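Quick mapping for you: the protein sequence lines, in order, are chains A and B. Using this note's numbering, read the first sequence as starting at 9 and increasing by one per residue. Using this note's numbering, read the second sequence as starting at 9 and increasing by one per residue. Note that CB positions come from ideal geometry on N, CA and C, so glycine has one too. Being a predicted model, the structure only gives us computed values, none of them experimental. What follows is a set of notes on a single structure, which appears directly below.
Number of protein chains: 2
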Amino acid sequence: MKWDDIQEMPCSVARALSIVGDRWTLLILRDSFMGTKRFDKFQKQIGLSRHRLTDRLNKLVKYEILRKVPYQEKPRRHEYRLTRKGVELYPVLMTLAKWGDNWMAGENGPPIEYFHTACNHQMSMNLSCSECGEVINPKEVIPKVGPGLKAYSESVRSK
Amino acid sequence: MKWDDIQEMPCSVARALSIVGDRWTLLILRDSFMGTKRFDKFQKQIGLSRHRLTDRLNKLVKYEILRKVPYQEKPRRHEYRLTRKGVELYPVLMTLAKWGDNWMAGENGPPIEYFHTACNHQMSMNLSCSECGEVINPKEVIPKVGPGLKAYSESVRSK
DNA sequence: CACTTAAGTTCCATTTTAGGACTCACTAAA
DNA sequence: TTTAGTGAGTCCTAAAATGGAACTTAAGTG
């Protein structure tokens with residue numbers, strides 16, 4: 009199976025990873041969320057080759073996760089900003105960060121801490137139910153076949 | 009920068025990705041959460057080469073995200089089960105899935121839907137604040153230098 | 001004019017990956 | 001008692017992805 013094929017899988021995790029699941033893309037997005045917008049800054053902060061960075065940024069623009077916004081003419085220069093679609097990857101980054109904090113931080117503790125201005129507390133983030141608001145326990149969540157998978161199975165069967 | 013070097017970065021996202029941020033690992037874990045435990049089953053469901061799978065499973069065992077549990081002797085066979093550390097990757101998978109549902113599902117809708125037995129509703133998952141319980145708005149979260157980053161800067165400066 | 005900056009490109013050597021064939025230890029079927 | 005099958009790998013080679021350094025373009029600076 010080639011990497012590009014996983015985009016076809018009837019699985020939202022696979023489809024998301026087909027865009028964001030390579031070596032560097034999530035690190036680029038981490039920097040985007042921290043305010044980085046320009047090519048050289050990404051390159052220095054992340055330390056990947058310029059070649060790769062060009063590639064990844066173009067892919068993110070193609071999939072409308074970042075967009076190029078000109079910030080000067082003569083010479084024409086532009087910066088990369090998160091779109092709505094990009095901003096919605098925030099939970100992915102934050103859950104990764106939390107797991108890293110919990111399991112990979114080492115003796116010095118987490119590198120970054122988070123402060124919630126809405127309630128004035130240092131905090132961490134949990135998953136909660138959109139309906140009842142309670143914190144999620146994985147055992148209380150049951151995955152069921154949804155319309156996308158049903159349609160897929162039918163289309164496979166009819167071949 | 010080599011891939012292995014990102015583990016040294018003072019960033020929890022980078023450290024988490026150094027383990028789960030390659031082409032296949034999160035797909036393996038997705039299957040683990042869906043109940044898959046055996047080599048061949050992973051291989052068939054994901055469609056990666058056996059060679060890669062061996063590699064990835066060993067890495068996950070090494071980092072104590074999965075553990076090998078024997079289920080028969082003669083010949084000795086074992087299955088791969090999530091550890092506590094592994095189970096705590098649940099939010100990462102679910103936030104990826106939600107993003108995929110929202111942005112990559114296509115006209116047929118999401119392949120999987122989720123049902124919360126605690127409240128008896130079909131639901132999706134949000135990030136909420138550990139302190140006040142409110143749903144998180146990224147703009148209301150301020151990252152601050154934590155102890156891990158402070159220790160790191162000091163150790164760099166003293167060189 | 002020589003130097004610098006931002007944002008890429010080009011080239012080449014090295015790494016990683018995909019996919020198929022092969023192995024090993026055992027069990028079940030003919 | 002050969003034959004086939006299964007689970008879990010290992011080995012090999014060609015193809016793809018990557019890292020690093022040097023080069024390019026279009027300005028602006030001293």
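Taking threonine 91(A) as the query, report the chain B residues whose CB atoms sit under 7 angstroms from its CB, ordered along the chain. Going along chain B, no residue has its Cβ under 7 angstroms from threonine 91(A), so there is no contact; the nearest lies around 10 angstroms.
On the DSSP letters alone, give me the boundaries of the alpha helix (DSSP H) that glutamate 162(B) sits inside. Residues 155-165.
On a Cα-Cα basis, can you pick out the residue from Met9(B), Tyr71(B) and Ser26(B) that is closest to arginine 60(A)? Looking at the Cα atoms, Met9(B) is the closest of the given residues.
On the three-state DSSP scale, how would you describe tyrosine 122(B)? Of the three classes helix, strand and coil, the one that applies to tyrosine 122(B) here is strand, per DSSP.
State the DSSP-derived secondary structure class of proline 78(A), mapped to helix, strand or coil. Proline 78(A): strand per DSSP, three-state reduction.
Serine 20(A) (DSSP reduced to helix, strand or coil): Taken through DSSP and simplified to helix, strand or coil, serine 20(A) comes out as helix.
Residue interval of the beta strand (DSSP E) (run including asparagine 134(A)): Element bounds for asparagine 134(A): 133-137.
Considering only the beta carbon of each residue, do isoleucine 54(A) and isoleucine 36(A) sit closer than 8 angstroms? Yes, Cβ-Cβ distance for isoleucine 54(A) and isoleucine 36(A) is below 8 angstroms.
Along the chain, where does the beta strand (DSSP E) containing leucine 90(B) start, and where does it finish? Annotation: the continuous beta strand (DSSP E) that includes leucine 90(B) extends over 85-90.
Closer than 8 angstroms to chain A by CB, proline 119(B): At a cut-off of 8 angstroms between beta-carbon atoms, proline 119(B) makes contact with chain A.
Using a cut-off of 9 angstroms between C-beta atoms, extract the partners of leucine 135(A) located in chain B. Neighbours of leucine 135(A) on chain B, chain order: Tyr98, Pro99, Met102, Thr103, Met133, Asn134, Leu135 and Ser136.
Start and end residues, alpha helix (DSSP H) containing leucine 104(B): 98-112 is the extent of the alpha helix (DSSP H) around leucine 104(B).
Would you kindly work out how many angstroms separate the C-alpha atoms of glutamate 162(B) and proline 155(B), rounded to a whole number? Near 11 angstroms, if we compare the C-alpha coordinates of proline 155(B) and glutamate 162(B).
Skipping 5 residues on each side, what residues in its chain have a beta carbon closer than 7 angstroms to that of tyrosine 98(A)? Contacts found: Phe41.
Establish whether the CB of lysine 49(A) and some CB of chain B are separated by less than 8 angstroms. At least 8 angstroms separates the CB of lysine 49(A) from every CB of chain B.
For chain A, is any of its Cβ atoms less than 8 angstroms away from the one on tyrosine 88(B)? For tyrosine 88(B), the answer is no, since every Cβ of chain A falls outside 8 angstroms of its Cβ.
Going along chain A in order, which residues have a C-beta closer than 9 angstroms to the C-beta of leucine 65(B)? The contacting residues do not exist; leucine 65(B) stays about 17 angstroms from chain A at best.
Please confirm if glycine 59(B) has its CB atom under 8 angstroms from at least one CB of chain A. Reading off the sequence shown, one finds histidine at residue 59(B), where the question assumed glycine. No, no contact with chain A.
What does proline 18(A) reach in chain B if we use C-beta pairs closer than 8 angstroms? Chain-ordered, the chain B residues with CB closer than 8 angstroms to the CB of proline 18(A) read Pro119.
Which chain A residues sit within Cβ distance under 7 angstroms of arginine 46(B)? What arginine 46(B) touches in chain A: nothing, since even the nearest Cβ is about 19 angstroms away.
Buried or exposed by the 16-neighbour rule on C-beta atoms within 10 Å, applied to isoleucine 150(B): By the Cβ neighbour-count rule, isoleucine 150(B) is exposed, with fewer than 16 other Cβ atoms within 10 Å of its own.
As a quick exercise: from Leu74(B), Leu101(B), Arg92(B) and Glu148(B), pick the residue whose alpha carbon is nearest that of asparagine 110(A). If we check each option's Cα against that of asparagine 110(A), Arg92(B) comes out closest.
Where DSSP assigns a beta bridge to isoleucine 150(A), which residues make up the other side? Per DSSP, Phe123(B).
Which whole-angstrom value describes the C-beta separation of valine 21(A) and arginine 38(B), a residue pair presumed to lie in contact below a C-beta threshold of 8 angstroms? Contact holds; Cβ gap of about 5 angstroms.
Determine the burial state of cysteine 127(B): buried for a count of at least 16 other Cβ atoms within 10 Å of its Cβ, exposed for fewer. Burial call: exposed.
Find out if the Cβ-Cβ distance for the pair lysine 45(A), tyrosine 88(A) is shorter than 8 angstroms. Lysine 45(A) places its beta carbon less than 8 angstroms from that of tyrosine 88(A).
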